[in-house]
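Q: Take the sequence shown: its letters are residues 4 to 128, numbered as in my numbering. The beta-carbon is built from N, C-alpha and C at its ideal position, and this holds for glycine as well. Can you read through this structure? Questions will come right after.
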Amino acid sequence: MQLLRVAWALTGAAICCFLILIIHSRLLKEGQLAAGTCEIVTLDRDSSQPRRTIARQTARCACKKGQIAGTTRARPACVDAGIVRKKQWCEMVPCLEDEGCDLLVNKSGWTCTQPGGRVKTTTAL
Numbered sequence: 004m005q006l007l008r009v010a011w012a013l014t015g016a017a018i019c020c021f022l023i024l025i026i027h028s029r030l031l032k033e034g035q036l037a038a039g040t041c042e043i044v045t046l047d048r049d050s051s052q053p054r055r056t057i058a059r060q061t062a063r064c065a066c067k068k069g070q071i072a073g074t075t076r077a078r079p080a081c082v083d084a085g086i087v088r089k090k091q092w093c094e095m096v097p098c099l100e101d102e103g104c105d106l107l108v109n110k111s112g113w114t115c116t117q118p119g120g121r122v123k124t125t126t127a128l
């Protein structure tokens with residue numbers, strides 16, 4: 004009798020897990036991102052000019068309400084939409100921890116200055 008109860012309990016647990024998997028796959032379809040996350044879709048580098056590398060990156064983000072795709076710690080991330088609207092790029096902390104952030108004069112982007120003096124310039128499209 005106890006063996007039968009254990010068998011039914013295991014069967015019920017298996018069915019429950021199967022239903023959770025089905026519901027989860029319906030809610031988060033293949034290729035969809037979880038809310039508040041980003042992924043890099045394309046990354047192109049052009050080193051044809053001496054001492055200069057031009058990198059173009061395209062990211063796909065699933066941002067929450069009030070957020071927009073941006074950059075945090077040199078990675079794509081969802082940031083407060085007001086930062087982008089006001090073009091206060093350094094508020095989204097786009098540079099790595101040991102780098103300094105400065106706005107470009109025309110607010111079209113920012114620069115990240117490394118301790119050794121190397122400068123990375125980023126312009127927003």
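Going by beta-carbon coordinates alone, are P38 and K68 separated by less than 7 angstroms?
A: Reading off the sequence shown, one finds Ala at residue 38, where the question assumed Pro. It is not a contact, given that the beta carbons lie outside the stated cut-off.
Q: What is the DSSP secondary structure of C20, counted as helix, strand or coil?
A: With a pLDDT of 45 at C20, under the threshold of 50, the predicted position of this residue should be treated as unreliable, and no value is reported.
Q: Please work out which residues of its chain come closer than 7 angstroms, Cβ to Cβ, to K110, disregarding the five sequence neighbours upstream and downstream, and give them in chain order.
A: These residues qualify, in order along the chain: K90.
Q: Measuring alpha carbon to alpha carbon, tell me which residue in R78, K123, V87 is nearest T61.
A: If we check each option's Cα against that of T61, R78 comes out closest.
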